[in-house]
Amino acid sequence: MNLEVKKEIFVLNKEFNKNQIIIRNYKTSDYQATLEILIQLHDLYDIGLKEAQWRPTSGLRLFKPNLKRITLIAEQKSTNEVIGMGMLGASKNALGQYIGYLENWAIKKEFIGNNVGKIL
2 MNLEVKKEIF VLNKEFNKNQ IIIRNYKTSD YQATLEILIQ LHDLYDIGLK
52 EAQWRPTSGL RLFKPNLKRI TLIAEQKSTN EVIGMGMLGA SKNALGQYIG
102 YLENWAIKKE FIGNNVGKIL
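Residue 89 in the numbering used here is what sits at position 88 of the sequence shown, and the numbering runs on without skipping anything.
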């Protein structure tokens, strides 16, 4: 394993494979980990994050008119650590069928470069 510096943090190069990551629904116990990911993303890209608006139940949002959205969590299987998050959305098409899509995946910065994004 190599140790290298990326954006002023030390990253341990350990590539993941799909059997080492679990994708599951958000739980309120994931709040702190997801807030950390959003803060890291905001620091890099100014996504307009308002910390006061991201509450423990924010990731549980499921329904809006004609739109269903669920926050998904990427978790390291061996440690149960939250390493990423994203959205599963579904909207109705003209035939009234729901069409699903994955979007807005973000990975904790210490896991960037370890194949996690490719797996997701």
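Every residue gets a Cβ at the ideal spot worked out from N, C-alpha and C, and that includes glycine.
Excluding its 5 nearest sequence neighbours in each direction, I84 has C-beta neighbours in its own chain below 8 angstroms: I22, A75, E76, Q77, I108, K109, F112, V117, listed in chain order. Apart from the 5 residues on each side of it in sequence, A91 sits with its Cβ closer than 7 angstroms to the Cβ of K69, Y99, I100, G101 in its chain, given in chain order.
By a beta-carbon distance limit of 8 angstroms, P57 contacts T29. Their separation comes to about 4 angstroms. Comparing alpha carbon positions, the residue from S59, L96, G97, G87 closest to I120 is G87. For K119, the enclosing alpha helix (DSSP H) begins and ends at 117-120.
Taking C-beta atoms as the reference points, G49 and Y32 fail to come closer than 9 angstroms. For Y46, the number of other beta carbons within 10 angstroms of its own is below 16, and it is reported as exposed. As summarised for the stretch 23-89, the continuous beta strand (DSSP E) elements at least 3 residues long and confined to that stretch are 68-77, given in chain order.
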